[in-house]
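For reference, the structure discussed in these notes is given below.
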Amino acid sequence: MKPNTSAIPTDRAQHPSLLGLLLRVNLLGLQRKLLSVRERSWGLVLSVVGFLGFYLALAYSLFYRGLEFIGRFPGLGGLLVERLLFLLFAFLFALLVLSNVVIGYTNLFRNRETTFLMTLPIPANTIFQWKFMESVLLASWAFLFLIAPLLAAYGITRHVAWHFYPATLLLVALFIALPGIFGAWVALQLARHLDRKLFQIAAFLLLAALIGSLALYFKPTQVTEEFLENRVLTVIDRLLERTRFAQQPFLPSYWLSASVQNWSEGSFSTAGFFVLVLLSHVLFFGFLAFTRLGDRFYDAVSMTQSRGGVLSNWGWFRRYDRARQGKPLPVGWLESLLGWVRSDVRAIVIKDLRVFWRDTTQWGQTAVLFGLLLVYVINLRNFSQQLDSPFWKNAVSFLNLGACSLNLATLTTRFVFPQFSLEGKRVWLVGLAPLGLVQAVRVKFWLATIATLLITLPLILLSCVLLQLGALRTAFFALAIIVMTITLNALAVGLGALYPNFSEMNPSKIVNGFGGTFCLVLSFVYILGCVVLLGLGSPWAWRTGEPEWTRAGIAAGIVGVFSMAAGWLPLFLGLRRVAQTEL
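Every number in the numbering used here is 2 more than the matching position in the sequence shown, counting from 1.
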């Protein structure tokens, strides 16, 4: 039965101060958290600020050198830079939409604050407006950090005037609003219709068709030696043929790219036209979202709170549910597989897996992260045959190790770090159990390590096979990813125990605190150090193909000591902190 919302006012004009009140309260809470962190640990604040400054400087340097190098090509530099800018903003727009869908769904329908606000005399439209703005900020801050050094480097290489930078800041602020609006609308539709069989079938078929179409569209173009004898512009045009989709004039990314490029070239009238196009779409769709999605949001919240599960309409699931007495689908299988494990340990494992499985956004983001990594790994076969030089073979193999480990660091920081904090104010129940709180944290560490190894190890093995590295090199990189997986999980679990946040049940907000940021910083520093050390001490020389095992042994020893310091030390300190916790 559809809930009656006639008694619930949704017009913001009737309550002009409620949205401002929510903004003031949350800003005040954020200010107090920042002040408390500053008073508690100046070293942590300086470490985070130093890392952010180092990242911005390094990213700016890399972008500047890359744009300067491409711009040196006579007659082609401008074309390549222009096409790269269009491609970058097109892919970032798609990733922003995906990020807004995932974070928006979590913030609107899986958030305790939202549930609490729905019980107060606050219009549903006001709650939606606040959560929409919060979701856009959470989904877009990483985009801003990525794009800022690129636009700065682009402006320096083009020798633009000072007003280019505030103009691009305004353009980026307008640009991130459109993926947020579209992502919020998609999240509402998912919440309203996700349990319907027809919707699930249609979504699966649409996703399969989209993946198949993208695979066919982005199939590499085969270029023969006869074709290479043509004019350079003809060859470049053929090679860039698959990138023309980014120059469709109906894409918001095209409006942003065109306005940035025209502004840098001094064509202010054309740039102003695209600015007005972007602004008009933001105002139109933003007005619709702020004034018309409140009723739909209230209906969607009622539907998500009233249904049992998204698969409950399938007959086979209902039969399984009755046979397993309501236990989630994979958990029932795991209980049978873990029959040999001690009952108290098995209880912790099943509890954590059940919480993870019930939170659609967590395993959904995990699938997206490693789905993107799998697409990257599969595409390695397209250029592995051109790696005849030992230098490039080594470079690509170690860059591949870095890509896999960086994805792993994102996963451990996003999902493993908040595991101890997610026990919440009920942590005393786990602490008073016969297993004990310290042993429970150890179980979380080994569970996370085994789960991530089951994903990262096959991916690194597959990438080594596609790169045709041979058995010895494959074993070398497999051992490296095993050590790095154990270390990164130990680092995340240890820092999660050292910097818990039991008052917050949203994993995204737990990670966005200083503890999660510190974990991400240390993870990136550790990965950078390991990849550089392993690369410099590689037994396969960069110029010749002759192995040098002495140098490799020294590098492996240094990496081992580095891993012990980066993983075992935080885990030891975290376990000691947990043992001293008063329940």
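Ideal Cβ placement from N, Cα and C applies to all residues, glycine included.
Exercise for the section: State the Cα-Cα distance for the pair Q191 and L94, rounded to the nearest angstrom. Expected result: 23 Å
Handout entry: Beta-carbon contacts of L58 that lie in its chain and below 8 Å, excluding the five residues immediately before and after
Key = F147, A150 and P151
Practice task
Could you tell me whether the segment 116 to 135 touches the segment 192 to 207, where touching means 3 or more Cβ pairs closer than 8 Å?
Solution key: no
Practice task
Can you say whether S407 is buried or exposed, counting buried as having 16 or more other CB atoms within 10 angstroms of its CB?
Solution key: buried
Exercise for the section: Return the first residue and the last residue of the alpha helix (DSSP H) that F287 is part of. Expected result: F270 to S308
Handout entry: Outcome for F581 when other beta-carbon atoms lying within 10 angstroms are tallied against a minimum of 16
Key = For clarity, residue 581 is Ala in the given sequence; the question names Phe instead. Its Cβ having fewer than 16 others within 10 Å, A581 is exposed.
Exercise for the section: Would you kindly check if the distance between the Cβ of V303 and the Cβ of F111 is under 8 Å? Expected result: yes
Exercise for the section: Quick one: measure Cβ to Cβ for G498 and P420, integer angstroms, because I've assumed they're closer than 8 Å. Expected result: 6 Å
Problem - T583 - DSSP class collapsed to helix/strand/coil - result: coil
Practice task
Compare the Cα-Cα distances from E267 to each of L281, V370, I380 and G157 and report the closest residue.
Solution key: G157
Handout entry: Straight-line Cα distance separating R416 from S505
Key = 18 Å
Problem - Sequence ranges, alpha helix (DSSP H) only - wholly within the segment 380 to 444, length at least 4 - result: 392 to 413 and 429 to 434
Practice task
Classify M135 as helix, strand or coil using the three-state DSSP reduction.
Solution key: helix
Practice task
Answer with buried or exposed for L589, where buried requires no fewer than 16 other C-beta atoms within 10 angstroms of its C-beta.
Solution key: There is simply no residue 589 to check, as the chain begins at 3 and stops at 585 in what is shown.
Problem - Candidates L29, R85, A204 and L24: closest to R244 by CA position - result: R85
Practice task
Would you mind reading off the limits of the alpha helix (DSSP H) that contains R198?
Solution key: Run containing R198: none; DSSP gives neither H nor E here.
Problem - Pairwise C-alpha distance: L253 and G275 - result: The residue you asked about is not Gly; residue 275 is Phe in the sequence shown. Their backbone Cα atoms lie some 15 Å apart in a straight line.
Problem - Between the CA atoms of P509 and T414 - distance to the nearest angstrom - result: 12 Å
Exercise for the section: Compare the Cα-Cα distances from L64 to each of N503, L459 and L153 and report the closest residue. Expected result: L153
Practice task
Count the C-beta pairs between the segment 532 to 539 and the segment 512 to 520 that are closer than 8 Å, then say yes if the count reaches three, no if not.
Solution key: no
Problem - Simplified DSSP assignment, three categories, for F504 - result: coil
Practice task
With a threshold of 16 other CB atoms inside 10 Å of the CB of A567, please say whether the residue is buried or exposed.
Solution key: exposed
Exercise for the section: Compare the Cα-Cα distances from R155 to each of L577, R67 and L23 and report the closest residue. Expected result: Going by the sequence as given, residue 155 is Ala instead of Arg. Comparing Cα-Cα distances from A155 to each of L577, R67 and L23, the minimum goes to R67.
Problem - Contact the segment 125 to 142 vs the segment 287 to 300: 3+ CB pairs below 8 Å - result: yes
Exercise for the section: Assign L577 to buried or exposed, taking buried as 16 or more other Cβ atoms, counted over all protein chains shown, within 10 Å of its Cβ. Expected result: buried
Problem - Outcome for W394 when other beta-carbon atoms lying within 10 angstroms are tallied against a minimum of 16 - result: exposed
Practice task
Taking only the alpha-carbon atoms, compute the straight-line gap between T306 and A193 and give it to the nearest angstrom.
Solution key: 6 Å
Practice task
Over the uninterrupted alpha helix (DSSP H) stretch that includes T519, give me the two end residues.
Solution key: F516 to L538
Handout entry: Three-pair Cβ contact test at 8 Å for the segment 520 to 530 versus the segment 462 to 469
Key = no
Exercise for the section: Examine the Cβ distances between the segment 467 to 485 and the segment 431 to 440 and report whether three or more of them are shorter than 8 Å. Expected result: no
Exercise for the section: Pull up the CB-CB distance for A494 and V418, whole angstroms please, since I reckon it's below 8 Å. Expected result: 4 Å
Practice task
Find out if the Cβ-Cβ distance for the pair S259, L87 is shorter than 8 Å.
Solution key: yes
Problem - Rounded C-alpha distance that separates L455 from M507 - result: 26 Å
Practice task
Look at A468 and V398 and say whether their C-beta atoms are less than 8 Å apart.
Solution key: Residue identity differs from the one stated: residue 468 is Leu in this sequence, not Ala. No, Cβ-Cβ distance for L468 and V398 is not below 8 Å.
Problem - DSSP three-state assignment for S19, whether helix, strand or coil - result: coil
Problem - Per-residue DSSP class, three states only, for E607 - result: Lying before the first or after the last residue shown, residue 607 is absent from the chain, which here runs from 3 to 585.
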